[in-house]
Structure formats: C-alpha cells, structure tokens
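Residue numbers (the UniProt record's numbering): 1 to 94.
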C-alpha cells in the first residue's frame, strides 16, 4: 500500500480505500470498475447519507495517491488507493 499523502490529523492517520479492479492481487480486483468516483462511493457506502458522500468530494477531502483532490465525476483508477480523514468524535475528558 502506498504511503498516505495526507498527514495525520489529531494524531490519527488517514483512512485508505482501494478501488476495485487493477492487476494487483487484492480482495476487490475481480470486481467491475465503476465509471466515476461518485458511482463507486455510492456502491461502496450505500448506508452513508448522500450528502456526506458528496461533501467528501466537494470539500476536497478525498485524495488520490498523489494527494490530488478527486471529484464526483473523476474516473476511478482501477486498483488505485484513495485517502481521507474520518471525522473524529469528541471525547469526554477524564
């Protein structure tokens, strides 16, 4: 897996997603490659609210391996890695 182009946020590393397809052996390399990042996110996270999937892209929070922000209509790189930071829930002070 490539190194995340995103620095840790609040001490937590970015989450990596691997797109389906590609030539490398991985759990999703046999799956069809969606036409766009948006289509992929809809199939990968059907339980997520549509607004949260769109916000991930419109806010520039989802990045490719080179650290470039991706958009809803960008093509999926088969077997490529994408990175983002999950929201950090507030913690109670002890």
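Glycine included, every Cβ here is placed at the ideal spot set by N, Cα and C.
Model, not experiment: these values are computed from the prediction.
Got a sec? Which residues, its chain only, sit under 7 angstroms from residue 42 by beta carbon, not counting five neighbours each side? Your numbering for residue 42 matches position 42 in the chain shown. 53, listed in sequence order.
Taking C-alpha atoms, which residue in 74, 87 and 89 lies nearest to residue 39? As a first step, residue 39 is located in the chain shown; it is residue number 39 there, counting from the start. Residue nearest to residue 39 within the set 74, 87 and 89 is 74 (criterion: CA-CA distance).
Run through the region 20-85 for me and flag every whole alpha helix (DSSP H) of 4 or more residues, listed as ranges in chain order. Contiguous alpha helix (DSSP H) elements confined to the region 20-85 occur at 37-44 and 50-58, taking only those with 4 or more residues.
Is the CB-CB distance between residue 46 and residue 31 below 8 angstroms? Residue 46 sits at position 46 when you count from the first residue of the chain shown. Residue 31 sits at position 31 when you count from the first residue of the chain shown. Their beta carbons are not under 8 angstroms apart, which means residue 46 does not touch residue 31 by this criterion.
State yes or no: is the C-beta of residue 33 within less than 8 angstroms of the C-beta of residue 70? As a first step, residue 33 must be located in the chain shown, where it is residue number 33. As a first step, residue 70 must be located in the chain shown, where it is residue number 70. Cβ atoms of residue 33 and residue 70: not closer than 8 angstroms.
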